[in-house]
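Just add 40 to the spot in the sequence shown (first one is 1) and you have the numbering used here.
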Amino acid sequence: MKFIEWNRTGMSRDVLCVGRWALKLPKLKTWRAFLIGLLANMQERDLSKRDCWPELYPVVFALPGGWLVVMRRATPLTDAQAEALDPLAVLSPEDDRPSIPAEPKASSFGMLDGRLVVVDYGDNPN
Numbered sequence: 041m042k043f044i045e046w047n048r049t050g051m052s053r054d055v056l057c058v059g060r061w062a063l064k065l066p067k068l069k070t071w072r073a074f075l076i077g078l079l080a081n082m083q084e085r086d087l088s089k090r091d092c093w094p095e096l097y098p099v100v101f102a103l104p105g106g107w108l109v110v111m112r113r114a115t116p117l118t119d120a121q122a123e124a125l126d127p128l129a130v131l132s133p134e135d136d137r138p139s140i141p142a143e144p145k146a147s148s149f150g151m152l153d154g155r156l157v158v159v160d161y162g163d164n165p166n
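Spelled out as structure tokens, the structure:
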């Protein structure tokens with residue numbers, strides 16, 4: 041991993057990775073993308089506080105209003121990990137917990153401290 045990486049592939053947020061931190065910022069591309077990015081950041085902040093989903097990538101700092109979310113930087117899945125991943129099994133726990141609101145695709149996951157985590161979660165308002 042590079043020390044600094046700028047990921048602009050998201051629909052409503054850009055992610056700036058610096059060292060061991062990932063900073064999620066609303067996109068400035070369009071007004072709609074910006075508003076959805078603010079909502080996504082607020083939702084990740086709120087969802088990460090819940091005890092029912094240890095699979096969620098924890099938010100360590102957030103500015104009010106969704107302007108910024110800071111998380112520890114996760115490692116992207118390798119091709120082998122992505123191939124072996126069953127996203128629906130992770131997102132739909134077999135116990136009493138509710139399903140995790142995330143897209144069932146490999147890019148929604150990463151590795152943090154040797155464990156699989158969901159790095160992009162929340163209800164998509166699109």
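Glycine residues also receive a C-beta, built at the ideal position from the N, C-alpha and C atoms.
Note that the coordinates shown come from a computational prediction; the quantities given were computed from them, not determined experimentally.
Ranked by how close their Cα comes to the Cα of P94, the residues G106, P133 and T70 have P133 in first place. A direct Cα-to-Cα measurement between S52 and Y161 gives close to 13 Å. Taking C-beta separations shorter than 6 Å and ignoring five residues to either side along the sequence, the partners of P127 in its chain run P144, following chain order.
Note that the region 112 to 125 touches the region 50 to 65; at least 3 beta-carbon pairs, one per stretch, sit closer than 8 Å. Nearest C-alpha to F74 among Q121, R85 and D54: D54. Secondary-structure assignment with DSSP links F149 through a beta bridge to V158. Selection V109, F101 and F43 evaluated against N81 yields V109 as nearest (Cα-Cα).
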